[in-house]
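Down below is the structure, laid out as structure tokens.
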Amino acid sequence: MSGRSAAWFGAEGRSGMIHRSWMRNQGVTDEVFDGRPVIGIATTWSELVPCNAHLHRVAEAVKRGVWQSGGFPREFPCTGLGETLLRPTAMLYRNLLAMEAEELMRANPLDGLVLLSGCDKTTPGLLMAASSVDLPAIMVTGGPMLSGRYQGRQLGSGTQVWRFEEELAAGTITPAECAVAEGAMARSPGHCMTMGTASTMACLAEALGMQLPYSATWPAVDARRDQTAQRAGQRIVELVQADVRPSSIMTREAFEDAVKVNAAIGGSTNAVIHLAAIAGRLGVPFSLDDVDALGRDVPTLVDLEPSGRFLMEDLCYAGGLPAVMAEIASLLHLARPTVAGGTVADALADAACWNREVIHPFDRPMAPAGSGTAVLRGNLAPDGAVIKQSAASPALQQHRGPALVFESPEEYRAVSDELDIDESTVLVLRYCGPRGYPGMPEVANVGLPRTLLERGVRDMVRVCDGRMSGTAYGTVVLHVAPEAAVGGPLALVETGDEIELDVPGRALTLHVDDDELARRRERWRAPAPAESRGWTRLYTEHVLQADHGADLDFLVGAGGAEVPRESH
Ligand code: FES
Ligand code: MG
């Protein structure tokens, strides 16, 4: 008997008896202890996470596959994190999920892992954990919701909420219409079906090689979601037998491809943070400059909300992610391995596009190369900031205007209806970073002042050390690092200062001279810590800045799977 789990179930004497005996209370027969691979199915199921509430069903399909291939599947819960309910932000808890899952994966008698995720933070959280433990692993994301439908038109989750908010404020729709739309938008299990962070991370998990081809796009309720889950169950047993580990799949080349795929799909800015965090666990070099440099050659091909028109169901029927990757194949590392067993080239062998409106051809893109996520630097963001060009207004991408500074989104909202400003103003929203808020919430795309909305203005430049939902849009400079709460230059901006955004020049400049900034720095005082106890205290004391993936400093790198000491 070999394998990691054999140290538990194959043990002689008292310990072996304890390990086997209690497991038998689940009605399993002797064969499960014969040295076969024990597969842990790490699920982020929760009824408080609408996007993941169907993962028990997906897990059952995985289990069928594991049994079929001669493995012993055991489903175990990891912290479910939902974007819609968690306060102050699900991002505060991504590292908690990653830490908890890592510990459970290591402490239990597991030989391989199936990672079940869906909502935004659950995919990177589980990938971070599996990277640090580095046991053979395969991911199965839960799939997107069916397209929303209302008054004969489609409704994309998230994106349309921002639009309804604007239309309601502008008086062009009624509260009653909004209430009906609410029910029409989320009409099946699954995660947001726009190209928000959940869809983006599902696609990137597939692009990295960590989930089976087509797995990112099958709708949550499609029978093929269960089929791909069952296949993943079969595959993980083979991956254990061949000892294929995340570190051999998620290589530097895989991350380079993930950045390119993110550009091609018009993916979420949040992916930049999550990729940096996962790479940090694996010891793969990955910087913001990689994001800008690698993404520059890649046009946006996928016409999905929030940047475009369609939804994930459309992308699925158009050929799924393989059809997108096939378009940019000349830019990808085709010889690298994936969890499917072959190379990326093999994964794309049967790719075909069935709808050129949804997946544009490389030579007739939806947006030209270099219009995805851009990385900005300058005296206002020495360690970088990002902007999603495809979600921003072309006219504002080179803009200079006076700053109007708010210390919190609450402070802004309290006065926004009364603000008498014009659209040249640059709204600065600070203390929204990893340590400041805490947890770096998706608040950067604050709604415009009502006076401007009523005049038909729908966009203005906003600058923030927080994040923006992957489903949102606008000329919003995000992830400004270092953040205000650690004394980044954003903390020194005063209302009336001139700020210049130059996206083509990749610059974000505060037009205040260094002597004046030095004087302001002398006067600056760090805010009091947000919390004196618990997870939030641990988080704020150890969280890294956005450009390092906002992981905790002591979680960077790998811990392996060894636990030499027995429990009894
Ligand atoms: Fe879960 Fe959007 S709220 S994916
Ligand atoms: Mg989100």
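Per my numbering, numbering through the sequence shown is continuous, rising by one, with the last residue being 619. Just so you know, even glycine gets a beta-carbon here, dropped at the ideal spot from N, CA and C.
Scanning Ala-256, Asp-473, Ala-328 for the CA closest to the CA of Met-179 turns up Ala-328. By the Cβ criterion, the stretch 120-139 is in contact with the stretch 170-177, since at least three pairs of Cβ atoms, one from each stretch, lie closer than 8 Å. Sorting Ala-386, Met-519, Thr-389 by C-alpha distance to the C-alpha of Ala-443 places Met-519 at the top. Contact between Gly-116 and Gln-292 is absent: CB atoms are separated by about 14 Å, not below the 8 Å threshold.
Closest option to Asp-473, judged by alpha-carbon separation, among Gly-487, Met-491, Gly-452, Ala-465: Gly-452. Taken through DSSP and simplified to helix, strand or coil, Pro-264 comes out as coil. Between the alpha carbons of Arg-108 and Arg-571 lies a gap of roughly 57 Å. The three-state secondary structure of Pro-578, taken from DSSP, is coil. The Cβ atoms of Glu-126 and Ala-110 lie closer than 7 Å to each other. Every unbroken stretch of the beta strand (DSSP E) spanning 3 or more residues and falling wholly within the stretch 155-207 is given here in chain order: 163-168, 188-192, 199-201, 204-206. Proximity to Asp-277 across Tyr-368, Ala-425, His-105, Gly-370 peaks at His-105, based on C-alpha coordinates. Val-594 counts as buried, since no fewer than 16 other beta carbons sit within 10 angstroms of its beta carbon.
The alpha helix (DSSP H) runs lying completely inside the stretch 82-142 and spanning 4 residues or more are 106-119, given in chain order.
Taken through DSSP and simplified to helix, strand or coil, His-70 comes out as helix. In the DSSP secondary-structure assignment, His-242 is bridged to Pro-195. Assigned with DSSP and collapsed to three states, Glu-461 falls in helix. Secondary structure of Gln-596 (DSSP, three-state): coil. The beta carbon of Glu-134 sits closer than 6 Å to at least one heavy atom of the ligand FES.
The beta-bridge partner set that DSSP reports for Thr-560 consists of Glu-551.
Cα atoms of Gly-487 and Ala-542: separation of roughly 11 Å, rounded to the nearest angstrom. Judged by DSSP secondary structure, Val-353 falls outside any alpha helix (DSSP H); it is assigned neither H nor E. Annotation: Cys-404 is outside any alpha helix (DSSP H) and is labelled neither H nor E by DSSP. Taking C-beta atoms as the reference points, Pro-412 and Thr-245 fail to come closer than 7 Å. In the three-state scheme derived from DSSP, where H, G and I count as helix and E and B as strand, Phe-361 is classed as strand. At a threshold of 6 Å, Cys-129 does not count as near the ligand FES, since its beta carbon sits no closer than that to any of the ligand's heavy atoms.
Judged by beta-carbon spacing, Thr-94 lies beyond the 7 Å limit of Leu-161, meaning their Cβ atoms are not closer than that value.
The ligand FES has a heavy atom closer than 6 Å to the beta-carbon of Ala-249. Taking C-beta separations shorter than 6 Å and ignoring five residues to either side along the sequence, the partners of Phe-457 in its chain run Tyr-463, Leu-480, following chain order. Rounded to the nearest angstrom, the gap between the Cα atoms of Ala-396 and Gly-507 is 48 Å. Distance from the CA of Asp-604 to the CA of Glu-592, rounded to the nearest whole angstrom, comes to 9 Å. When rounded, the separation of the alpha-carbon atoms in Tyr-482 and Leu-339 is 21 Å.
If you draw a straight line from the Cα of Gln-448 to the Cα of Asp-553, it is about 6 Å long.
Taking a contact as a CB-CB distance under 8 Å, the pair Gly-199 and Arg-157 does not count as one, their CB atoms being some 40 Å apart. If you compare the alpha carbons of Ala-523, Arg-501, Gly-521, Asn-496 with that of Val-512, the shortest gap goes to Asn-496. Remark: three or more beta-carbon pairs, one from each stretch, lie closer than 8 Å, so the stretch 315-329 and the stretch 248-256 are flagged as touching. A check of alpha carbon separations from Ile-438 across Tyr-524, Ile-379, Pro-489, Pro-460 identifies Tyr-524 as the nearest.
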